[in-house]
Amino acid sequence: MTIKDTIRKYTNELKLVTHIPAKEVEILMLHLLEKNTIWLHLNYNVEFEKEKELEVLVKKRATNYPLEYIINKASFYGEMFIVKEGVLIPRPETEILVENAIEILKDKKEIKVLEIGTGSGIISVMLAMLIENIKIIAVDINEKALDLAKQNAIKHGVENKIEFRLSNLYENVQENDIFMTISNPPYIANNYILPTNVKYEPSNALFGGVVGDELLKDIIKATSEKKIPYLLCEMGYDQKTPLENYFKEFNVDSFSFYKDYESFDRGFTLKFKN
Ligand code: GLN
10 MTIKDTIRKY TNELKLVTHI PAKEVEILML HLLEKNTIWL HLNYNVEFEK EKELEVLVKK
70 RATNYPLEYI INKASFYGEM FIVKEGVLIP RPETEILVEN AIEILKDKKE IKVLEIGTGS
130 GIISVMLAML IENIKIIAVD INEKALDLAK QNAIKHGVEN KIEFRLSNLY ENVQENDIFM
190 TISNPPYIAN NYILPTNVKY EPSNALFGGV VGDELLKDII KATSEKKIPY LLCEMGYDQK
250 TPLENYFKEF NVDSFSFYKD YESFDRGFTL KFKN
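With our numbering, the residue at position 7 of the sequence shown is 16, and numbering never jumps.
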């Protein structure tokens, strides 16, 4: 069967799990063939030789298993990152968090940033790529994540700007010259029923406690105690009011909240008075 006919044949099987079924079949085929989209467009009428393998992958994807875990790739901020089961898949809204950090960091010299919960390393790697004289400490409680983040730093040539460290929040962070802490921490309430596709992602990257904002509050408190000037975090769509109230307990200079691409409240920039 030709590539074109194979795409037609398998598209139906993915209609219930994605709104771009044909595109996803193409992505799975390209993954098996180790080719790119340009090649595909020039070779629609070529015989497709790996139908058996494709069938296996399509069946897996049809269970809602994430495409990114099948192809071990995800794009973030216009770059390709390696992803693996056991580590959170990058989300587009986290790009806004990175953009906000860049706005603050762009003119600074010799700056040190801490990332809490680096996961696949997307935030630290992008900051290292885009800010010249930056040093980053990227911590996580998950060794598998740290290993993956390191691979992503190497892939993008910034491994000498980032130190990866096993640490629960600030537990193994003793530095006293950190300028900014950035984090996309787990912020979902423990009893929240996840959509099927998200169920394949690690719960320790998603759930933040009974209410959901417990880890965010721990990070805010510890960052203030450490006298770190800036804290930038992603958060849940319903956490703006409780966090705004929580800010009042600290010596805050200024803060702002931002919305995601769907206009949900999604995070904040907090500046402490120190
Ligand atoms: N920092 C990573 C990301 O933003 C991982 C976050 C997490 O696992 N909660 O995708």
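From the three backbone atoms N, C-alpha and C, an ideal C-beta is built for every residue, glycine too.
- The nearest non-hydrogen atom of the ligand GLN is 7 Å or more from the C-beta of G245.
- According to the DSSP assignment, S133 belongs to the alpha helix (DSSP H) that extends over I131 to L139.
- Under the three-state reduction of DSSP output, S263 falls in the strand class.
- Here DSSP, grouped into helix, strand and coil, assigns Y19 to helix.
- Not one heavy atom of the ligand GLN lies closer than 7 Å to the C-beta of L123.
- Annotated three-state conformation of I80 is helix, per DSSP.
- Straight across, the Cα-Cα distance linking S133 with T11 is about 42 Å.
- Distances between the C-beta of P195 and the heavy atoms of the ligand GLN include at least one below 7 Å.
- Assigned with DSSP and collapsed to three states, L279 falls in strand.
- Put simply, the backbone Cα of H165 is about 15 Å away from that of I145.
- The alpha-carbon separation between K93 and A83 amounts to approximately 10 Å.
- Judged by DSSP in its simplified three-state form, E62 adopts helix.
- Assigned with DSSP and collapsed to three states, Y246 falls in coil, not helix or strand.
- Contact check for I91 against N151 fails: the beta carbons are separated by 8 Å or more.
- With respect to the 8 Å criterion, E210 and I98 are classified as neighbours on the basis of their beta carbons.
- Checking the 7 Å criterion, the Cβ of L97 is within range of a heavy atom belonging to the ligand GLN.
- Non-local C-beta neighbours of V220 in its own chain, meaning closer than 7 Å and more than five positions away in sequence, comprise A198, ordered along the chain.
- Using a Cβ-Cβ distance cut-off of 8 Å, the segment 62-71 and the segment 222-238 are not in contact, since fewer than three pairs of beta carbons, one from each stretch, lie closer than that value.
- In the DSSP assignment, L175 falls within the unbroken beta strand (DSSP E) covering I171 to L175.
- According to the DSSP assignment, V122 belongs to no alpha helix (DSSP H) but to the beta strand (DSSP E) extending over I120 to I125.
- For L63, the closest alpha carbon among the candidates V182, S263, Y19 and D116 is that of Y19.
- Taken in chain order, the complete alpha helix (DSSP H) segments of 4 residues or longer contained in the segment 175-251 are 223-234.
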